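Respectively, the protein sequence lines represent chains F and C.
Quick note on numbering: my numbering labels position 66 of the first sequence as 66, and the sequence is numbered without any gaps.
Quick note on numbering: my numbering labels position 83 of the second sequence as 1083, and the sequence is numbered without any gaps.
This report concerns only the one structure given below.
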Amino acid sequence: MTPNLTTSKEQGILTPLQRVQEQFSQEVVETHAFRGDETLVIRPGALLAVAKFLKTAPELDFNFLMDLTAVDYLFFAGGRVQKEFRFEVVYHFYSLKHNHRLRIKVPVDEKDPEVDTLTGLWPSADWYEREAWDMFGIQFKGHPNLKRILMYEEFQGHALRKDYPFNKRQPLIGPQN
Amino acid sequence: MSFLSSPTGFLTSTIKDALGWARKYSIFQYPFVTACCGMEYMSTAASHYDVDRFGAGFPRFSPRQSDVLFVVGTISHKMAPVLKTIHDQMCEPKWVVAFGVCTCTGGFYDNYSTVMGIDTIIPVDIYIPGCPPRPENVIDGLMKLQEKIQKGEQSRTLYDPRTKTGRPAELSQGYSIEQHIKHIESSP
């Protein structure tokens, strides 16, 4: 059985979400937890500090970056929901030692889509961040080799942005269609 | 042309027919395998269905030694120049088989990354649809290809999605089958 949040707090054991919230109360914008599935939305400026804490704090020990991707909230829910920031970069962390997980979301502005790189903490962030750059055009400040990973260098734009025309083709050879 | 129906031990034919007959039972294929259709290709090539019965059991992994290009699986725009180069490297006479619906039309992909049919890049002789096609389907395509090879026919057209019509493919530098037959027929 997954421990319920209140009982674990009563027992004095903080969940990863509660631990981060306690440490960075100023930086947490929003939280969400459902049956052990925990999510934190944090301010972009705090990303590196939070990430370092997740990796180094012994009670958290998130030694595995499972996934890093981005979401484009343009036309979200058919345009009915307007988000303050267009993009969100999503990180999924896992601790092999403690067998717990945490999801971190960082809202990113459309005009200057830039967040800090996590390649210094988790080397596996390298290719994930290149993919997020390739598909969504998110800049990762401090990344050692931020270039396209899936598409070719000649490709214009970022294919998974919601305003990229779904039927637009940019062939290297052959007719434009 | 048949050996069996010849009571005297002689047979008569034209050079074109004889060449076509020889070629259709000695296909050296180049498997350009990129995706899941490759599994069905392997199934067809293995002993249960046995394409060796059709003289096509000898895949060459060099385009310079092969005469039928099997394009098996989705072709992305990033891969397209490679496919074109492989096709250019093959010596004439050469044929192309589009194996699976992705190579025929793009299949269920309609997005930024996928080529909408390889016939926009290289001329295609035989289309084998299916996702993936059954081995029986592949063998049917192979037999239709053999008919084409027997007749000495080759596709020389590309599909242009802008006009929705065919357009002539620029011949790659090389020796066409028409040139070859002309050469043999004119030599003493």
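Beta carbons: idealized from backbone N, C-alpha and C, even for Gly.
Computed from a prediction, not measured in an experiment: that's the story for all the values here.
Under a criterion of Cβ atoms nearer than 8 Å, no residue of chain F is adjacent to Y1127(C); the nearest Cβ is some 17 Å distant. Identification of chain F residues near P1081(C) by a Cβ-Cβ cut-off of 8 Å yields L172 and I173, ordered along the chain. For D112(F), the secondary structure class from DSSP, reduced to helix, strand or coil, is coil. Bridge pairing for E88(F): V71(F) and P107(F) [DSSP].
Within 9 Å of the CB of M151(F), the CB atoms of chain C belong to H1077, K1078, Y1112 and S1113, in sequence order along the chain.
Within the segment 1023-1036 of chain C, no residue has a Cβ lying closer than 8 Å to any Cβ of chain F.
Beta-carbon to beta-carbon, L48(F) and D116(F) are separated by about 5 Å, close enough to satisfy the 8 Å threshold.
The beta carbon of K162(F) is closer than 7 Å to those of D72, L74 and F75 in its chain, skipping five residues each way along the sequence. At a cut-off of 9 Å between beta-carbon atoms, T1120(C) makes contact with chain F. For the segment 1082-1108 of chain C, residues whose beta-carbon sits nearer than 7 Å to a beta-carbon of chain F comprise K1084. For Q1029(C) against R1064(C), the beta-carbon gap comes to about 14 Å, at or over 8 Å, which does not count as contact. Within the segment 1115-1153 of chain C, the complete alpha helix (DSSP H) segments of 4 residues or longer fall at 1135-1151, listed in chain order.
Within the DSSP secondary-structure output, I42(F) pairs in a beta bridge with V28(F). The beta carbon of D134(F) sits closer than 6 Å to the beta carbons of R148, I149, L150 and M151 from its chain, once the five residues preceding and following it are set aside; these are given in chain order. Taking 8 Å as the upper bound for CB-CB distance, Y1112(C) and A159(F) are in contact here, some 4 Å apart. In this structure, the straight-line span from the alpha carbon of I1181(C) to that of S1187(C) is close to 10 Å.
P1168(C) carries a strand assignment under DSSP once its states are collapsed to helix, strand and coil. Scanning chain C for C-beta atoms nearer than 9 Å to the C-beta of A159(F) yields N1111, Y1112 and S1113, reported in chain order. With the rule of 3 Cβ pairs closer than 8 Å, the segment 1159-1167 of chain C does not count as touching the segment 1135-1150 of chain C. The C-beta separation of V1072(C) from C1037(C) comes to about 5 Å, placing the pair in contact by the 8 Å criterion.
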